[in-house]
Amino acid sequence: MSQMTEDQLQELAQDLNSIRDEIVADLGERDANYIRRVIRLHRALEVGGRVMMPFGFIPPVFVAATVSLGLSKIIENMEIGHNVMHGQYDWINDPSLHSQTYEWDTACSSDSWRRTHNYEHHTYTNIIGKDRDYGYALLRLSDDEQWHPAHSLQFLSYVMLSVFFQWGVGLHELEFERVRRGEIRLRDKLPFLKDALHKGGRQAFKDYVFFPLITFPVAPIVLAGNLGANLMRNLWSSTVIFCGHFTEDAETFDEKDCENESKGHWYLRQLTGSSNFTGNKLIHLLSGHLSYQIEHHVFPDLPAHRYPEVSERVQSVCRKHGIRYNTGSFRHQYGTVVKRILKYSLPDRLRMRLESQPA
Amino acid sequence: MPARIPQTRALHWLGRQLFNRNDPAAFFDPLLETLNPMLVQGQTLARVEQVIQETSDTRTFTLKPAARWAGFQAGQHVNICVEIDGVQRTRTFSLSSSPELWAKQGLVTLTIKRLPGGLVTNWLHDNLSEGQVLGLGEAFGDFLLPEPPQPVLFIAGGSGITPVLSHLETMAAQDFRAPVTLLYFVRTQQDIIAAERLHALERRYSALTLRIIATDESDKPRYLKSQDLSTVPGLKARQVYLCGPKGLMDLANKQLHEHGIRKKDIHSTFFSTAAPALNADLANQVLGGKVQFGKSNLEASSEGDASLLEIAEASGLSPRHGCRMGICHQCSCRKTSGTVINRLTGKASGPGEESVQLCISIPHGPVTIEI
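As given, the protein sequences belong to chains A and S, one line each in that order. Residue numbering for the first sequence follows the working numbering, beginning at 14 and increasing consecutively. Residue numbering for the second sequence follows the working numbering, beginning at -16 and increasing consecutively.
Below you can see the structure in the form of structure tokens.
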């Protein structure tokens, strides 16, 4: 991590705060109209997908219905749910867009997400041991963690996690690795488990029981389409999220370096621990603008569709302070993620020997 | 409809499962409102049917609420919700029409004066026109007529006349059989709100004695005098209703007390004044205030720059929170009234109902929070 003095950090905080203040002062009708337009698009895609699905015995309709429902879930999770829960639209005062009461269309309960993501992940970003999103306690992604033979198969774990991503996220707060190590008792997690079961059950009931049953003669088609839509969302959202912090140069931090940290230090950690990827407008929408992960981590509660317009200014702040701004094409960034997963699946000695060889 | 209740309950349960929300019907609102805004289920809307200029700074808006609106009693108020620059703003106003008009024609009226510096009242005057829709909450308030009829004295000032108009229209329509006197204080004759309606009421409703007193037309201000009360026949037997600026209310309370009117016979209602626009730095502000925790039924006072989160915790509450630095919004909750100052920006909030982050909100005068 770049070494900066407290004065430099304070200047960094001022630079970023002034960008933030300017956007906050400008929030208004444009942002309200934007999120309403996205919500209308989501409703149209979901209603369209559900209505078309029973006619999925016609192959092109099956594809259209599945893609429509899959896109609706992606947009709801990424651009609406994730962003609304960050409080990006609290200032609108619309009770249906309130960060603390919004419930999203995925197995993870919004309450659990708000604790593990908004609070833990965004406050303790990339601090090994405090940010449990770093590798999801499943993958070894840095040498801060000791290698274990089980890690050699971690690419397989990664694929499984992506396929069942909504369930992985839903059970994230269980902290199963800590329960297994005996650090916490399963009993204390019972309220969480009850909550997780309730929300997960609700999602499974909807997509895998209710909609197939009411369309009984074509139930297998509806079930397959709903599974396909969920799979689409799982793979996409896991890929976007992995590109946000696990790219090659995204930094990690030590707990003791972050005790009593200043706002400037927190900003620095967000800037160096996150990574962007480039793309067109559709990619940004479907990623909930997490393609601007750096901007998102610096300003988690500014409406995400504003990230493209602050990006240039964040980059110039980075240049001014000599901080690396980690971005690249989607293909490149994702490539480095896969490389990182594979690299750290190897024992350190082997990894270092491979690394020291010229490519 | 006892048979329908379990059925609707089951449907509601199913809706919650399918749409992940407690008001499943509102899931379709974003699509419905593009067809017809009045179809929206998430809130009750009202359409503006007519706008009448009462005085230079007061207008009456005639509204047609969606049919599911539950109605009201004379003297009650409503919250209205309008979107200004993308932000939904809620404010409370008295209804100025009678429940009869609602029953017969499905209409209600709001009579609203521009408040200097007031965000919402000025916006309503400048922007709200026929055909537009706004959110309308259910009516509330206990500024109600005596039941059974008893002699009544109204003392109103300025736009404080609005709930009294509702009362008088209702009394005239029901032929309320008891003496009714209205002492209405206005700055000048030009400031009389609903002058025509008042004079028409005086003509057709014989029990009503109307006295309009202009305070600012002579060299010396002409405020409420003890004599004004002495001229009201049978004053001691009257139920007194007060609505107006604080100065008038204080004066009236004092003089009524001197005339031996008991507290329980005096009814008063809120009267809105715009909060001064505050934008100065934190250092120049008087911070702190009385904090009501609505759901917990607790009250606390604070001085200085303690945040609502700190005040709540000092009062023994443990509201949900996370980062304590304004990042994560775990502590966001509804403020139902009062003004708070954002610790990070030094800016003051509006006075109405809205969402605030407890960890960076400092009370600025009395505040009510839903925790």
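Beta carbons: idealized from backbone N, C-alpha and C, even for Gly.
Return the CA-CA distance between S/Ser284 and S/Lys318, expressed in angstroms with no decimal places.
The count along the second sequence starts at 1 and reaches residue 284 of chain S at position 301. The count along the second sequence starts at 1 and reaches residue 318 of chain S at position 335. Going from the Cα of S/Ser284 to the Cα of S/Lys318 covers about 16 Å.
Is S/Cys316 helix, strand or coil when you go by DSSP?
Translated into the one-based positions of the second sequence, residue 316 of chain S becomes position 333. In the structure shown, S/Cys316 sits in a strand (DSSP, three-state: E or B).
When you compare the CB of A/Trp180 with every CB in chain S, is at least one pair closer than 8 Å?
Position 167 of the first sequence holds residue 180 of chain A. Not closer than 8 Å to any Cβ of chain S, the Cβ of A/Trp180 fails to qualify, so no.
Of the choices S/Gln115, S/Glu336, S/Leu166 and S/Leu93, whose alpha-carbon is the least far from that of S/Val135?
Residue numbering aside, residue 135 of chain S sits at position 152 when the second sequence is read from its first letter. The shortest Cα separation from S/Val135 among S/Gln115, S/Glu336, S/Leu166 and S/Leu93 belongs to S/Leu166.
Considering only residues of the same chain and omitting the five flanking positions on each side of S/Leu261, which have a CB-CB separation below 6 Å?
The residue given as residue 261 of chain S occupies position 278 in the second sequence. With a pLDDT of 40 at S/Leu261, under the threshold of 50, the modelled position of that residue is not reliable, and no figure is offered here.
Listing by chain order, which chain S residues have their CB less than 9 Å from the CB of A/Leu10?
Outside the shown range of chain A (14 to 372) lies residue 10 of chain A, about which nothing can therefore be said.
Does the beta carbon of A/Arg127 come closer than 8 Å to any beta carbon on chain S?
On the first sequence, position 114 is the one that residue 127 of chain A refers to. By this cut-off, A/Arg127 is an interface position.
When the Cβ atoms of the stretch 47 to 56 of chain A are set against those of the stretch 81 to 89 of chain A, are three or more pairs found closer than 8 Å?
Touching, per the Cβ criterion.
Does any residue of chain A bring its CB to less than 8 Å from the CB of S/Ser301?
Locating residue 301 of chain S in the second sequence gives position 318, counting from the first residue. Answer no: the Cβ-Cβ gap between S/Ser301 and chain A never drops below 8 Å.
Within 10 angstroms of its Cβ, does S/Leu(-6) collect 16 or more other Cβ (buried), or is it exposed?
Translated into positions along the second sequence, residue -6 of chain S becomes position 11. Under this definition S/Leu(-6) is an exposed residue.
Relative to the C-alpha of A/Ser81, which residue among A/Gln283, A/Asp314, A/Gly241 and A/Gln306 is closest?
The residue given as residue 81 of chain A occupies position 68 in the first sequence. Taking only the C-alpha atoms, the option nearest A/Ser81 is A/Gly241.
Assuming S/Ser284 is part of the beta strand (DSSP E), what are its boundary residues?
Taking the first residue of the second sequence as 1, we reach residue 284 of chain S at position 301. Where S/Ser284 is concerned, the enclosing beta strand (DSSP E) stretches over Leu281 to Glu286.
For the stretch 284 to 315 of chain S, enumerate the residues whose C-beta is nearer than 7 Å to any C-beta of chain A, in chain order.
Listed by position, the residues of the stretch 284 to 315 of chain S near chain A (Cβ gap below 7 Å) are Gly305, Cys306, Ile310, Cys311, His312, Gln313 and Ser315.
Would you kindly check if the distance between the Cβ of S/Thr38 and the Cβ of S/Ile175 is under 8 Å?
If you number the second sequence from 1, residue 175 of chain S lands on position 192. If you number the second sequence from 1, residue 38 of chain S lands on position 55. Against a cut-off of 8 Å, the Cβ pair of S/Thr38 and S/Ile175 comes out as a contact.
What residues from the stretch 197 to 227 of chain A come within 8 Å of chain S, judged by C-beta to C-beta, listed N to C?
Flagged, chain order: Arg215, Phe218, Lys219 and Phe223.
Figure out for me which residue from S/Val269, S/Ile138 and S/Thr153 has the closest Cα to the Cα of S/Ser79.
The residue labelled residue 79 of chain S in the question sits at position 96 within the second sequence. For S/Ser79, the nearest C-alpha among the options comes from S/Thr153.
What residues in its chain sit with their C-beta under 6 Å from that of S/Asn62, if we drop five residues either side in the sequence?
Against the second sequence, residue 62 of chain S aligns to sequence position 79. Counting only Cβ-Cβ distances below 6 Å, and skipping sequence neighbours, we find Thr73, Thr75 and Gly120.
Quick one, which residues of the stretch 90 to 114 of chain A are near chain S if we go by CB-CB under 7 Å, in chain order?
Against chain S - using a Cβ distance shorter than 7 Å - the residues of the stretch 90 to 114 of chain A are His99, Gly100, Asp103, Trp104, Ile105, Asn106, Asp107, Ser109, His111, Ser112 and Gln113.
Going by Cα to Cα distance, which pick from S/Ser213, S/Arg221, S/Pro129 and S/Ser251 is closest to S/Gln238?
Position 255 of the second sequence, counting from 1, holds the residue named residue 238 of chain S. The residue with the shortest Cα to Cα distance from S/Gln238 is S/Ser213.
Short of 9 Å Cβ to Cβ, which residues in the stretch -9 to 6 of chain S face chain A?
From the stretch -9 to 6 of chain S, only Leu(-3), Arg(-1), Gln0, Leu1, Phe2, Asn3, Arg4, Asn5 and Asp6 have a Cβ closer than 9 Å to chain A.
Looking at the structure shown, is S/Val215 part of a helix, part of a strand, or coil, going by DSSP?
For the purposes of this step, residue 215 of chain S is taken as the residue at position 232 of the second sequence. If DSSP states are grouped into helix, strand and coil, S/Val215 belongs with coil.
Please name the residue or residues paired with S/Thr164 in a DSSP beta bridge.
The residue labelled residue 164 of chain S in the question sits at position 181 within the second sequence. S/Leu136 and S/Thr192.
If you compare alpha carbons, which of A/Thr349, A/Glu272, A/Asp28 and A/Val74 is closest to A/Arg332?
As a working mapping, residue 332 of chain A is identified with position 319 in the first sequence. When each option's Cα is compared against that of A/Arg332, the closest is A/Asp28.
Is any beta-carbon of chain S found at less than 8 Å from that of A/Arg49?
As a working mapping, residue 49 of chain A is identified with position 36 in the first sequence. It does: the Cβ of A/Arg49 has a partner Cβ on chain S nearer than 8 Å.
Return the first residue and the last residue of the alpha helix (DSSP H) that A/Tyr171 is part of.
Mapped onto the first sequence, residue 171 of chain A falls at position 158. Run containing A/Tyr171: Gln167 to Val176, per the alpha helix (DSSP H) assignment.
For S/Thr171, which of helix, strand or coil comes out of DSSP?
One-based indexing of the second sequence puts residue 171 of chain S at position 188. Here S/Thr171 sits in coil by DSSP.
Round the Cβ separation of S/Phe123 and S/Pro82 to the nearest angstrom and send it over; I've been treating them as touching at under 8 Å.
Taking the first residue of the second sequence as position 1, residue 123 of chain S is located at position 140. Taking the first residue of the second sequence as position 1, residue 82 of chain S is located at position 99. Rounded, the Cβ-Cβ distance is 14 Å, inconsistent with contact.
Measuring only between beta-carbons, confirm whether S/Asp68 sits less than 8 Å from chain A.
Locating residue 68 of chain S in the second sequence gives position 85, counting from the first residue. By this cut-off, S/Asp68 is an interface position.
Could you give the residue range of the beta strand (DSSP E) that holds S/Arg72?
One-based indexing of the second sequence puts residue 72 of chain S at position 89. Val70 to Ser77 is the extent of the beta strand (DSSP E) around S/Arg72.
List the residues of chain S that A/Ala45 touches, going by C-beta distances under 9 Å, in chain order.
Working through the first sequence from its first residue, we reach residue 45 of chain A at position 32. Correct list: Glu66, Asp68, Gly69, Val70 and Gln71.
When you compare the stretch 35 to 46 of chain A with the stretch 353 to 363 of chain A, are there three or more beta-carbon pairs, one atom per stretch, that lie closer than 8 Å?
Because the criterion of three Cβ pairs below 8 Å is not met, the stretch 35 to 46 of chain A and the stretch 353 to 363 of chain A do not touch.
Taking only the alpha-carbon atoms, compute the straight-line gap between S/Leu181 and A/Gln113 and give it to the nearest angstrom.
Residue 181 of chain S sits at position 198 when you count from the first residue of the second sequence. Residue 113 of chain A sits at position 100 when you count from the first residue of the first sequence. Whole-angstrom Cα-Cα distance: 48 Å.
Please report how far the alpha carbon of A/Gly213 lies from the alpha carbon of A/Trp180, in whole angstroms.
Locating residue 213 of chain A in the first sequence gives position 200, counting from the first residue. Locating residue 180 of chain A in the first sequence gives position 167, counting from the first residue. Cα-Cα distance, rounded: 8 Å.
How is the alpha helix (DSSP H) around S/Pro20 delimited, first residue to last?
Counting from 1 along the second sequence, the entry for residue 20 of chain S is found at position 37. Counting along the chain, S/Pro20 falls outside any alpha helix (DSSP H), and DSSP gives it neither H nor E.
Distance, Cα to Cα, A/Pro6 vs A/Ala150?
Residue 6 of chain A is absent from the structure shown; chain A starts at 14 and stops at 372.
Closer than 8 Å by C-beta to S/Glu296: which residues in its own chain qualify, once you throw out the five before and the five after it? Chain order, please.
Looking up residue 296 of chain S in the second sequence gives position 313. The answer, listed in chain order, is Pro302.
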